[in-house]
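The structure under discussion appears below in the form of structure tokens.
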Amino acid sequence: MVLELHVWGPAFGLPSIDAECNAAIAYLNRAVSPGQWIVVADHDTAISPNNEFPALRDGSSYIAGFQNIVQYLQQYPAGPYSLDSGLTSQQTADKAAFSAFLETTARPLLDLSLYTSFENYSNITAPAYTAILPWHTNYIAPPTHRDAARARTAHLGLGGLDVDTSGLESPETGAASLSGEFEAAKKAAGIPSDSRASRPGLLSLGRQKGIQGLLSSPVYAARFRLDALANDFLGPLFDLLGKKNYLLSDSQPSSLDCLAFGYLALMLYPAVPQAWLKEAIQARYPKVVKYIWRMREELLGGGEEIKAADVFSLTAYRGRSDIELEDARRKIGLRLPWHPTPSEPPSTMVLNIAREIASSIPILSLAFRRSTIQPSSSPSPSTISPNQTSSLPSPLLLNSLAAFSTAVISAIAGIAIHQSRYPRSGDLFFEAPREQWQGLGQAGDLLGALAEHVRAEKEWSTRWQSERSGGDGGMGADQGMATVAEVGVEGGRERTHSVPSTREHIT
Numbered sequence: 058m059v060l061e062l063h064v065w066g067p068a069f070g071l072p073s074i075d076a077e078c079n080a081a082i083a084y085l086n087r088a089v090s091p092g093q094w095i096v097v098a099d100h101d102t103a104i105s106p107n108n109e110f111p112a113l114r115d116g117s118s119y120i121a122g123f124q125n126i127v128q129y130l131q132q133y134p135a136g137p138y139s140l141d142s143g144l145t146s147q148q149t150a151d152k153a154a155f156s157a158f159l160e161t162t163a164r165p166l167l168d169l170s171l172y173t174s175f176e177n178y179s180n181i182t183a184p185a186y187t188a189i190l191p192w193h194t195n196y197i198a199p200p201t202h203r204d205a206a207r208a209r210t211a212h213l214g215l216g217g218l219d220v221d222t223s224g225l226e227s228p229e230t231g232a233a234s235l236s237g238e239f240e241a242a243k244k245a246a247g248i249p250s251d252s253r254a255s256r257p258g259l260l261s262l263g264r265q266k267g268i269q270g271l272l273s274s275p276v277y278a279a280r281f282r283l284d285a286l287a288n289d290f291l292g293p294l295f296d297l298l299g300k301k302n303y304l305l306s307d308s309q310p311s312s313l314d315c316l317a318f319g320y321l322a323l324m325l326y327p328a329v330p331q332a333w334l335k336e337a338i339q340a341r342y343p344k345v346v347k348y349i350w351r352m353r354e355e356l357l358g359g360g361e362e363i364k365a366a367d368v369f370s371l372t373a374y375r376g377r378s379d380i381e382l383e384d385a386r387r388k389i390g391l392r393l394p395w396h397p398t399p400s401e402p403p404s405t406m407v408l409n410i411a412r413e414i415a416s417s418i419p420i421l422s423l424a425f426r427r428s429t430i431q432p433s434s435s436p437s438p439s440t441i442s443p444n445q446t447s448s449l450p451s452p453l454l455l456n457s458l459a460a461f462s463t464a465v466i467s468a469i470a471g472i473a474i475h476q477s478r479y480p481r482s483g484d485l486f487f488e489a490p491r492e493q494w495q496g497l498g499q500a501g502d503l504l505g506a507l508a509e510h511v512r513a514e515k516e517w518s519t520r521w522q523s524e525r526s527g528g529d530g531g532m533g534a535d536q537g538m539a540t541v542a543e544v545g546v547e548g549g550r551e552r553t554h555s556v557p558s559t560r561e562h563i564t
């Protein structure tokens, strides 16, 4: 079974515009026998388990990422295809440490140079993507990659690179302004100009003339910080290389050399306007420059300039035999085993366009995000599969629940804060329960008084009967006294007082 390596297309004379794709191409070209692998300049990352390139296809299995591809090839049954088999334990430890070092320090430098810098991105990186992507992907993939790069470098505090300075051009550089047009007209008429732009600068540096042009450039304000970041990466790499031909040994390259070449090549070869990274390598580390040249010769089979137009011209040989395809590559001058991109039916193209549009929408993009399990140990060929996804709940469900819970908690907290800051104005009154006749006005008062009088009479009668049945109890018939409630109504109010009442003793 022939191995298929899917990568982003060529750029800057290199096999790919991506560092890990260049590293994967270099590794397979050095480790795998000719005729056992091919490389495809692709754009549909849906085939990759993590939606990124490089992706290695072996039958129905896809392996994504440079490190995963290397581990897979080192245990490949038909191989093994390994460049690290002769390393000692100390060299193996150095390889693991410096591989992590490259990914954490070299990637931000490439992000700053090719994506964060507005001038470099608009003039070099974006046109390079245009040459390798179809029209519908060209509107989605480059801005997505730039947004990701800006997010990865936001903590560095170098946002000054992401500034459009095209409006600051002088009349000589073609700025569209009234003063520029006036000076251009004077120059065309042969009239000497007295503008400051026409005067010779004290020092020709930067995009503009003179020291003032250098100081006003956004890259100058961040130049010291950029040089420090470049030295933090290039210094340890230079020390590791030392006097050896390769990073780990003096006899043959390893997977670390392939990974280092993938990053260093994109720092040296692109002809970017703001070439601070390229200048740092050439000025301070000439041995690293020679190392990059030598790795390009050994790992890619020559220092040829790979053009995107030449690679995509193989599309005309789609469906042809391998012999015809090999003849076409030889005529064009391509040494790597390039194969044409598989044809894309219209239905698949429409689905890809819809997926790319939906993936660019913040909420809908969660539904297209896949969670891939990365093995903690070296994977075996039988365990790597594109369907090896997590069994945890969908990120869309988890994010929806989290958003709903956050909304509920925020609403409750908002109500509580509002009640504490803005309490009810005025006092609270609680109405006591009314009596039976209270709601009838003056008639109710009269009925209430009459009811009180009847109650008092009934109470007196009960007491008198009890006293009679128990004897006089020291109280004569003529002197038996009882208290009778005399109730009068004046102005709607009750007036109650006690009056003596004499009852005859009935024998």
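Per my numbering, the sequence shown starts with residue 58, numbered consecutively. Every residue gets a Cβ at the ideal spot worked out from N, C-alpha and C, and that includes glycine.
I believe V89 touches V64 by the beta-carbon criterion, under 8 angstroms. Please report the beta-carbon distance rounded to the nearest angstrom. Not quite, the Cβ-Cβ distance comes to about 15 angstroms (not below 8 angstroms), so this is no contact.
If F123 sits next to P106, beta carbons under 8 angstroms apart, how far is it from one beta carbon to the other, in whole angstroms? The Cβ separation is near 14 angstroms, so there is no contact.
Using only the alpha-carbon positions, how far apart do L356 and S179 sit? So the alpha carbons of these two residues sit roughly 30 angstroms apart.
For H396, which residues from the same chain have a beta carbon less than 8 angstroms from its beta carbon, with the 5 sequence-adjacent residues on both sides left out? Only E61, I95, V96, V97, L371 and L382 meet the Cβ criterion.
Report yes or no: do three or more beta-carbon pairs, one from the region 71-81 and one from the region 311-326, lie closer than 8 angstroms? Under the Cβ criterion (8 angstroms, minimum of three pairs), the region 71-81 counts as touching the region 311-326.
Contact between the region 322-338 and the region 65-76 is defined here as three or more beta-carbon pairs at a separation below 8 angstroms; is this criterion met? Per the Cβ contact rule, the region 322-338 is in contact with the region 65-76 (3 or more Cβ pairs under 8 angstroms).
Ignore the nearest five residues each way along the sequence and tell me which others in G358's own chain have a CB closer than 6 angstroms to its CB. So the qualifying residues of the chain are R392.
Based on the DSSP secondary-structure assignment, which residues constitute the bridge partners of E61? When DSSP reads this structure, E61 sits in a beta bridge with I95 and R114.
Please return the same chain residues whose Cβ sits closer than 6 angstroms to the Cβ of L283, not counting the five positions on each side in sequence. The beta carbon of L283 sits closer than 6 angstroms to the beta carbons of W333 from its chain, once the five residues preceding and following it are set aside; these are given in chain order.
Can you list, in chain order, the stretches of the beta strand (DSSP E) that have 3 or more residues and sit fully within the region 122-170? Here no run is fully enclosed.
Run through the region 175-200 for me and flag every whole alpha helix (DSSP H) of 4 or more residues, listed as ranges in chain order. If one requires a minimum length of 4 residues, the alpha helix (DSSP H) runs lying completely within the region 175-200 are 183-189 and 192-195, in chain order.
Of the choices A385, S142 and K344, whose alpha-carbon is the least far from that of D367? For the residues A385, S142 and K344, the minimum Cα distance to D367 belongs to A385.
Chain-order list of residues whose beta-carbon lies under 8 angstroms from that of F295 (same chain, five-residue window excluded): Same-chain partners within the cutoff: Y342, K344 and V345.
With a cut-off of 8 angstroms on the beta carbons, I'd call L304 and I338 a contact; round off their distance for me. About 16 angstroms separates the beta carbons of L304 and I338, which is beyond the 8 angstroms limit, so they are not a contact pair.
Is S312 closer than 8 angstroms to Y133 when the C-beta atoms are compared? The beta carbons of Y133 and S312 sit no closer together than 8 angstroms.
Can you tell me whether H396 is helix, strand or coil according to DSSP? If DSSP states are grouped into helix, strand and coil, H396 belongs with the strands.
Determine which residues share a DSSP beta bridge with G70 and list them. Residue pairing by DSSP places G70 opposite I363 in a beta bridge.
Note down the Cα distance separating S518 from G501, rounded to an integer number of angstroms. For S518 and G501, the distance between alpha carbons rounds to 26 angstroms.
Name the DSSP beta bridge partners of I120, please? I120 is bridged by DSSP to L113.
Looking at the secondary structure, which residues open and close the alpha helix (DSSP H) in which I380 lies? Counting along the chain, the unbroken alpha helix (DSSP H) around I380 starts and ends at D379 to I389.
Measuring CA to CA, which of G390, R353, S477 and T398 is closest to T102? Considering only alpha carbons, the answer is T398.
Can you tell me where the alpha helix (DSSP H) with V345 in it begins and where it stops? Segment P343 to L357, the alpha helix (DSSP H) holding V345.
I'd like the list of long-range same chain contacts for D100, defined as Cβ closer than 6 angstroms, with 5 residues on each side in sequence excluded. Correcting the residue type first, residue 100 is His in the shown sequence and not Asp. Same-chain partners within the cutoff: L190 and T194.
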